[in-house]
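A.B. asks: For reference, the structure I am asking about is given below.
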Amino acid sequence: MMLDFNIGLGGILLPVVLVLLGASFRILREYERGVVFQLGRFWKVKGPGLVIVVPGLQQMVRVDLRVVTMDVEPQDVISRDNVSVKVNAVVFFRVIDPQKAIIQVENYLMATSQLAQTTLRVVLGKHELDEMLAERERLNLDVQQILDAQTDAWGIKVTNVEIKHIDLNESMVRAIARQAEAERERRAKVIHAEGEKQAAVSLLEAAQMLARQPEAMQLRYLQTMTQVAGDRASTIVFPLPMDLLGRLLDKQPGEQAPAKPGN
1 MMLDFNIGLG GILLPVVLVL LGASFRILRE YERGVVFQLG RFWKVKGPGL VIVVPGLQQM
61 VRVDLRVVTM DVEPQDVISR DNVSVKVNAV VFFRVIDPQK AIIQVENYLM ATSQLAQTTL
121 RVVLGKHELD EMLAERERLN LDVQQILDAQ TDAWGIKVTN VEIKHIDLNE SMVRAIARQA
181 EAERERRAKV IHAEGEKQAA VSLLEAAQML ARQPEAMQLR YLQTMTQVAG DRASTIVFPL
241 PMDLLGRLLD KQPGEQAPAK PGN
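Heads up, the sequence shown is in the UniProt record's numbering, so the first residue is 1 and it goes up one at a time.
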């Protein structure tokens, strides 16, 4: 009778022991770590590979060490020049200390998401709209540095932050379009005025050079006649000697021509 009892007890304990042994073995992938607690206290970080956890005495929490891509929800931001915009971004981070990520914060994913939203509003609110549109790289770096400093106590490394969209309302879009149009007109006028100035300087230099050599003016006159004659136009060009025109202009009204010798 005693033998039958021992056989029956052994038949019950053996499956239980096999189940406990099977539950003690855990396999962690290369990118996973296990934070093991023994009787509620932190014991060690295990993995990757085969890990033994004693059921009932130890508990293990898996932590993924891969880079997490988190989309930050659109945030209503008021810039320093009182312009209301909607901004959303994407945050890239990874866990570098599994112990801190599990012990120091309840849910590191939720905490990082909320911190990214508030940091995005605070940082962008210190800048004007033009800076948000033109200096996005610097704003990305500012947000990344602030997030990285605040999440360091959680064992998290923020590697990059990218602002995806800056949405403006319709009235602000029209105002920016008018501003851009006015800026283009201003640049066109400045460029035209600069061209006129350079042309005037060039004409002045050319006139001074021609004034020093009257023969050059005659050659330029003949060259202009050749160009006009080459065009198929009905314009008739009559050459007038410049020396004769100069004598007529120099002669005063009422002044008689000098008498010829011998008269």
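Here a beta-carbon is modelled for each residue, glycine too, at the ideal position from N, C-alpha and C.
List the endpoints of the continuous alpha helix (DSSP H) containing Q145.
C.D. replies: It spans 136-151 - the alpha helix (DSSP H) in which Q145 sits, taken as one unbroken run.
A.B. asks: Between A116 and K126, what straight-line distance do the alpha-carbon atoms span, to the nearest angstrom?
C.D. replies: Spanning the two alpha carbons is a distance of roughly 16 Å.
A.B. asks: For K86, which of D167, M132, L120 has the nearest alpha-carbon?
C.D. replies: Nearest C-alpha to K86: D167.
A.B. asks: DSSP state of I102, grouped into three classes?
C.D. replies: Here I102 sits in helix by DSSP.
A.B. asks: Below 9 Å between beta carbons: does that hold for V161 and Q144?
C.D. replies: Closer than 9 Å, so yes.
A.B. asks: Does any CB atom of chain B fall closer than 9 Å to the CB of A182?
C.D. replies: As a matter of chain content, chain B is missing from the structure shown, which is built from one protein chain.
A.B. asks: Could you check whether E128 and D81 sit closer than 9 Å to each other, using their CB atoms as the reference points?
C.D. replies: Yes, these two residues count as a Cβ contact at 9 Å.
A.B. asks: If contact is defined by three or more beta carbon pairs under 8 Å, each pair taking one atom from either stretch, is the stretch 97-104 in contact with the stretch 194-211?
C.D. replies: The stretch 194-211 is not in contact with the stretch 97-104.
A.B. asks: Round the Cβ separation of F25 and L50 to the nearest angstrom and send it over; I've been treating them as touching at under 8 Å.
C.D. replies: The Cβ separation is near 6 Å, so the contact holds.
A.B. asks: Quickly, what does DSSP pair residue 269 with across the bridge? List them, please.
C.D. replies: Here the chain comprises residues numbered 1 to 263, so residue 269 is not present and cannot be evaluated.
A.B. asks: What is the rounded straight-line gap between the Cα of residue 313 and the Cα of T118?
C.D. replies: In the structure as shown, the chain starts at 1 and stops at 263, and residue 313 therefore has no counterpart that could be examined.
A.B. asks: Within its chain, find whatever has a CB closer than 8 Å to the CB of R66; leave out the 5 residues flanking it on each side and keep chain order.
C.D. replies: Excluding sequence neighbours, R66 sits near Y31, R94.
A.B. asks: Return the chain-ordered list of same chain residues with a C-beta closer than 6 Å to the C-beta of N88, the five sequence neighbours on each side being excluded.
C.D. replies: Once the five neighbours on either side are set aside, the close Cβ partners of N88 are V72, P74, K164, H165.
A.B. asks: Measure the alpha-carbon distance for T226 versus E185 and round it to whole angstroms.
C.D. replies: Answer to the nearest angstrom: the Cα atoms are 39 Å apart.
A.B. asks: Output the boundary residues of the alpha helix (DSSP H) element that contains L109.
C.D. replies: Run containing L109: 108-125, per the alpha helix (DSSP H) assignment.
A.B. asks: For G47, which residues of its own chain have a beta-carbon under 7 Å away from its beta-carbon, when the five flanking residues on both sides are left out?
C.D. replies: Once the five neighbours on either side are set aside, the close Cβ partners of G47 are L28, E32, R33, G34.
A.B. asks: Please state whether DSSP places D97 in a helix, a strand or coil.
C.D. replies: Note: D97 maps to coil in three-state DSSP.
A.B. asks: Do M209 and A199 come within 9 Å of each other at the CB atom, strictly closer than that value?
C.D. replies: Not closer than 9 Å, so no.
A.B. asks: For the beta strand (DSSP E) holding Q38, just list the boundary residues, first then last.
C.D. replies: Run containing Q38: 32-38, per the beta strand (DSSP E) assignment.
A.B. asks: Would you identify the three-state DSSP class for M1, choosing helix, strand or coil?
C.D. replies: The predicted position of M1 is uncertain, since its pLDDT is 48 and thus under 50; a value taken from the coordinates is nonetheless stated next. Note: M1 maps to coil in three-state DSSP.
A.B. asks: So D76 is in the beta strand (DSSP E); what residue range does that whole segment cover?
C.D. replies: Counting along the chain, the beta strand (DSSP E) containing D76 begins and ends at 68-78.
A.B. asks: Under the three-state reduction of DSSP, which class applies to R178: helix, strand or coil?
C.D. replies: In the structure shown, R178 sits in a helix (DSSP, three-state: H, G or I).
A.B. asks: The beta strand (DSSP E) that contains G56, what's its start and end?
C.D. replies: From DSSP, G56 is part of no beta strand (DSSP E); its letter is neither H nor E.
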